[in-house]
Amino acid sequence: MQKAVNITVKGRVQGVGFRPFIFALAQRYQVKGTVQNNMDGVFIHVEGDADAVDQFIHALPIQAPRLSRIDEMVVTVAQWHAFKDFSIIPSERKGSSSLVIPIDTAVCDDCLREMNDPNDHRYRYPFINCTQCGPRYTIIEQLPYDRSFTSMHSFQMCERCEQEYEDPMNRRHHAQPIACPICGPSVALLKADGQKVQGDAIEQAKQYIRAGAIVAVKGLGGYHLACDATNEQAVQQLRLRKQRPNRPLAVMAASLDIVEQLCEITKEEKQLLISPEAPIVVIKQKRNTMIASSVAPGLQTVGVMLPYTPLHHLLLDKQLPVVVMTSANRSGVPIIYEDEQVLRDLQGIADYFLIHNRPIVHPIDDSVVQVENGVMHFIRRARGFVPDPLWTEHDVHEIVALGGQQKNVFAFGRHHQIFLGPHIGDLEHVEVVEHFQREYEHLRTWMGVTPKVVAVDLHPNYETWNIAKQWNVDVVAVQHHHAHMVSCMEENHIHSPCFGLILDGTGYGEDGHIWGFELLYGDAKQYKRLGHLTYTPLPGGERCIKEPWRTTVGMLGYYFGEEGYSLAEKRFIEQANDVRVLRQMIKKGLHSPLAGTCGRLFDAVSAFLHVCTHSTYDGEAAIRLSELIDDTKIYETYPFRVKKCDEWEIDLTEMWQAIIKDVEAHEQTNTIAGRFHETVVQASVEMIRLALQQYPTYERNIVLSGGSMHNRYITKRLRQELNKLGLCVYTHQKVPCNDGGLALGQLMIAAHRRERACV
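Anchor point for the sequence shown: position 569 equals 568 in numbering that gives the first Met the number 0, and the numbering is continuous, going up by one each time.
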C-alpha cells in the first residue's frame, strides 16, 4: 500500500544540518519527495510504501541532529505526486516567520580532527565548520538561514567546497558558512597603526602574547582582549590600560586538562565547558596555580572557558596554555565587533589586532554560568543560548518587554514562544541605547511581529520609558520585583499563586521607596507584599552603589543616631568630613531616598568591614564579601528582629550592634562575613515562617529571585531551611536571577493583564 504525507517541523531546525539529515533518512527508508526550509520551519513531503513512510516518521524526531530541537511536528495526509527521487529544494521566503534562529556553537570534534590533520586541505584553517558547529546567529542578515542571507555571501565557494555543499551525504551539505583556505575568510595580524605584520598571523600573535603583549582577537560575536594569564605584569598592564582595576577577568584554557590543573572542577562544570554552547563557567580556583593573582583579585573563583572557535584552538597550546580573554569594550559601552571601530577605540590599549574578514552582523557576549547544587545557573545568557526561545502555555503574541536599566535584555512574544534578546548592558550611554534599538529592530523583523503591547519597569526615570514612548502601543508598567518573581514562576511552570523571596539590589517600589529585600505572594495577575527589610537612607542616592561606605553611614545613623555617625567617622577616617556632610543631608532629607535592599545591605557590611568601601564594578562589595566565606559551613547567626508593621519588617539593629562588637574585639573578618550571611538567611526564613502562620491557606510553593541569589551560600541555605518549613523551593535555571531575566517576568505579567482586559 502506498502513502503520502506532509510533515511540518518547527523548532531549532535551520542551520543544524536538518535538511541533509532528512535526505539521508529518506535514502535509508527508500521514500521519495522533497524537503524545504521556509519561514515557518521545515516542510517535508514524503511518499512511498506505507510501512517505510511510517518508519521515516517514527525515526525523524528520535534521530534528529544533536544541535536541533523539535518543538512541533505536524503530519497530515497528502496528495500523491509520484516523485522519482527525494530532493532538497530551494527555500521559500513567503509568509510570516515562526522560525527559531540558529545559535552559534563551538567547533565540533570532527572539524578539529580535520584541522589538525596535515593531510587535510583544511589543515590549520581557522574558519573550518560544518552543519554541527560554527557561526549562525552572529552572521545572519535575513531569514531564512541561507548563505545568500549571511555575511558569507561575498565569499564565492570554490569547486571543492561547492561539491561538499551540494552533496546531501556530506556533513557540510548546506553548511552555510562552509569555507576553506582557497575561498573562505582569512586572518591577519595588524600593528596598532594598522600596518600588517608579515608571516603566520596566528603564530605571530601567539609569540607576542607570550612576550607580554596585549592582542585584540576577533571572535564569533566580537573582539576580546587577550594577554598571557600567567604573566602578572601583562595582566596588570591590561587592567591599567582598560581602567578596570579589580573586576575579575575571564580566562581561556587550552584544554580541559589545563582547567583541571587550575580549578577544583565538578563533572557538571566539565560538561558545560565542553558543551556546544561553551560558556564561561565560574569555578573555584585551586591554591597557588599558574594564573596571575590579579586575574581575579580577592576571589576564590575564576571564570573559565575552553576554545570555542578554530582560531582559538590554533592560538592556545602547551606554550600558551591559558590567556585572559575579556571583552574588548570600554566600560559601559557595547562589545566592539567592527574592524574599523576596534582600531580606533582600542588605540593605546591593544598592541596588536588579530582580525579576519568575515563580518560579524550581530555582536554577542560570552555566556556566563555557575553550577550550584549540581544545576547550571545563568549569570549572563548570551552566546550559544540566544536567541533560542522559551515556550509558554499562554498566548504572548505581539507583546514585547524592554527589561531593566541594568543588565538589559529585551523579550518578544510570538504565539507561545518567548524570545529573549542578547545581553545589551546598562542603558546609561547613548551607544548602548543605539545598540538596544538596532538589535531590537533586527529581532522584531526576524520574528515577523509588530508589538501591540510593551511592558516596562515601573521606575519612571528608566531609559526604557523613553524608548516605549516613541511607539504607538499600549504601555504596561511592571513593578521590578514582581517581574523577578514571575520570571522564576514562568520558567518553572508555576501558574497558581505562590510566595516569592526577592533579594536584589535596586527596584522602584510602589510606595516610592527603593525595594530589594521582598517577600511577595501572588502570580502574574497580581501580588501582595508581605514583608521587607527596614528602610534606611541612601545619602547621595545612586552614588551609594559605587561608594558603599555611604550606605554604611546611612544605616549606622538610622540605627544608632549620633553615636552611629561618630562610629562612621572613626571607621572611615579618610571620609570623616564627608560623613558629617552626609549626616546633614540625611537629617534634612536631601537626596537621601529610603531603601530596604539586600544588595545595599551587603554593600554596607562589606564597607564597614573594610572589605570594599569603593566599588569599581557592579556588585564588587557584595561579591568580595561573599568570597570570604566557606560555603560548605553553616555559620552562627547574629541576633535580629522581625516585627509587624503594615507588613512584616526585618529589623537588623541587634545584628549591627553585634558586628560592631566583633570588629572592636578584632574577630576574624571571614567569621563576621559568614555570620552575616547566615543572618540574612535566618531573617528571611523567620519572615516567611511568620507569613505562613498569618496566611495558613496560602500555597506552599516559593520562588527565589533577584541578583543576590547568585550568592551560593544564601541560595543553598535558603533551600535547606525553607524545605524544613514544608515549602517547595524553585530557582532560576533558564534565565538569570538578576535583571537579565527581568523581561521574561515583565512579558508574562503584560500577557495576563491583556487577558484580563479582554474578559
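Glycine included, each C-beta is placed from N, C-alpha and C at the ideal position.
The structure presented is a predicted model; accordingly, all values stated were derived computationally and were not measured.
Where residue i falls, given that 16 or more other Cβ within 10 Å makes a residue buried
{"i": "Glu438", "result": "buried"}
{"i": "Met0", "result": "exposed"}
{"i": "Ile61", "result": "exposed"}
{"i": "Lys241", "result": "buried"}
{"i": "Ala664", "result": "exposed"}
{"i": "Arg159", "result": "exposed"}
{"i": "Pro459", "result": "exposed"}
{"i": "Ala575", "result": "exposed"}
{"i": "Cys644", "result": "exposed"}
{"i": "Glu546", "result": "buried"}
{"i": "Ser292", "result": "exposed"}
{"i": "Gly227", "result": "At residue 227 the sequence reads Asp, which differs from the Gly that was named. Label assigned to Asp227: buried."}
{"i": "Asn230", "result": "buried"}
{"i": "Lys733", "result": "buried"}
CB of residue i within 9 Å of CB of residue j, strictly
{"i": "Ser707", "j": "Phe559", "result": "no"}
{"i": "Ala3", "j": "His57", "result": "no"}
{"i": "Ile354", "j": "Thr137", "result": "no"}
{"i": "Val453", "j": "Leu401", "result": "yes"}
{"i": "Pro536", "j": "Gly553", "result": "yes"}
{"i": "Ile748", "j": "Val580", "result": "no"}
{"i": "Met38", "j": "Leu142", "result": "yes"}
{"i": "Glu276", "j": "Ser366", "result": "yes"}
{"i": "Ala606", "j": "Thr615", "result": "no"}
{"i": "Thr551", "j": "Ala603", "result": "yes"}
{"i": "Leu741", "j": "Val280", "result": "no"}
{"i": "Val8", "j": "Ile43", "result": "yes"}
{"i": "Asp338", "j": "Lys217", "result": "yes"}
{"i": "Cys132", "j": "Phe154", "result": "no"}
{"i": "Asp351", "j": "Ala523", "result": "Note that residue 351 is Tyr in the sequence shown here, rather than Asp. Contact: no."}
{"i": "Arg357", "j": "Pro180", "result": "no"}
{"i": "Ser704", "j": "Asp425", "result": "no"}
{"i": "Val360", "j": "Val431", "result": "no"}
{"i": "Phe85", "j": "Val34", "result": "yes"}
{"i": "Leu793", "j": "Leu691", "result": "Beyond the ends of the chain as shown, which are 0 and 758, falls residue 793; an answer cannot be given."}
{"i": "Ala731", "j": "Phe384", "result": "Checking the sequence shown, residue 731 turns out to be His, not Ala. It is not a contact, given that the beta carbons lie outside the stated cut-off."}
{"i": "Leu627", "j": "Gly530", "result": "no"}
DSSP state of residue i mapped onto helix, strand, coil
{"i": "Gly595", "result": "strand"}
{"i": "Cys262", "result": "strand"}
{"i": "Cys160", "result": "helix"}
{"i": "Val477", "result": "strand"}
{"i": "Asn722", "result": "helix"}
{"i": "Ala191", "result": "coil"}
{"i": "Trp390", "result": "strand"}
{"i": "Asn576", "result": "helix"}
{"i": "Thr636", "result": "coil"}
{"i": "Gln667", "result": "coil"}
{"i": "Lys545", "result": "helix"}
{"i": "Asn465", "result": "helix"}
{"i": "Met289", "result": "coil"}
{"i": "Ser274", "result": "coil"}
{"i": "His223", "result": "strand"}
{"i": "Leu741", "result": "helix"}
{"i": "Ala233", "result": "helix"}
{"i": "His676", "result": "helix"}
{"i": "Phe352", "result": "strand"}
{"i": "Lys2", "result": "strand"}
{"i": "Asp166", "result": "coil"}
{"i": "Tyr729", "result": "strand"}
{"i": "Ile282", "result": "strand"}
{"i": "Ser683", "result": "helix"}
{"i": "Ala252", "result": "strand"}
The ligand SAH heavy atom lying under 8 Å from the CB of residue i
{"i": "Asn169", "result": "The ligand SAH is absent from the structure shown, which contains no ligand whatsoever."}
Task: Entirely enclosed alpha helix (DSSP H) segments - the segment 71 to 138, minimum 4 residues - done: Along the segment 71 to 138, the alpha helix (DSSP H) occurs as fully enclosed runs of 4 or more residues at 108 to 114, listed in sequence order.
TODO: List in chain order: all unbroken alpha helix (DSSP H) runs of 4+ residues lying wholly within the segment 30 to 73.
DONE: 49 to 62
Open item on the list: Extract the residue ranges of the alpha helix (DSSP H) inside the segment 469 to 540, only unbroken runs of 4 or more that lie entirely within it.
Closed with: With a minimum length of 4 residues, the continuous alpha helix (DSSP H) runs that stay inside the segment 469 to 540 are 479 to 490.
Open item on the list: Between the segment 247 to 264 and the segment 319 to 334, can you find at least three pairs of beta-carbon atoms closer than 8 Å?
Closed with: yes
Open item on the list: So, does the segment 164 to 171 touch the segment 14 to 29, judging by three or more C-beta pairs under 8 Å?
Closed with: yes
Task: Residue ranges of each beta strand (DSSP E) within the segment 390 to 445, 3 or longer - done: Considered as a whole, the segment 390 to 445 harbours 398 to 400, 410 to 413 and 416 to 419 as its complete beta strand (DSSP E) runs of no fewer than 3 residues, in chain order.
- [ ] Pair every Cβ in the segment 674 to 681 with every Cβ in the segment 586 to 594, then say whether three or more of these pairs are closer than 8 Å.
- [x] These segments do not touch.
Open item on the list: Suppose only complete runs of 4+ residues qualify. What are the alpha helix (DSSP H) ranges in the segment 605 to 659, listed by chain order?
Closed with: Assignment of alpha helix (DSSP H) within the segment 605 to 659, counting only whole runs of 4 or more residues, yields 619 to 625 in chain order.
Open item on the list: For the segment 414 to 434 against the segment 169 to 177, do three or more pairs of beta-carbon atoms, one drawn from each stretch, fall closer than 8 Å, so that the two count as touching?
Closed with: no
TODO: Tell me the start and end of each unbroken alpha helix (DSSP H) in the segment 305 to 347 that is at least 4 residues and wholly inside, in chain order.
DONE: 309 to 314 and 338 to 344
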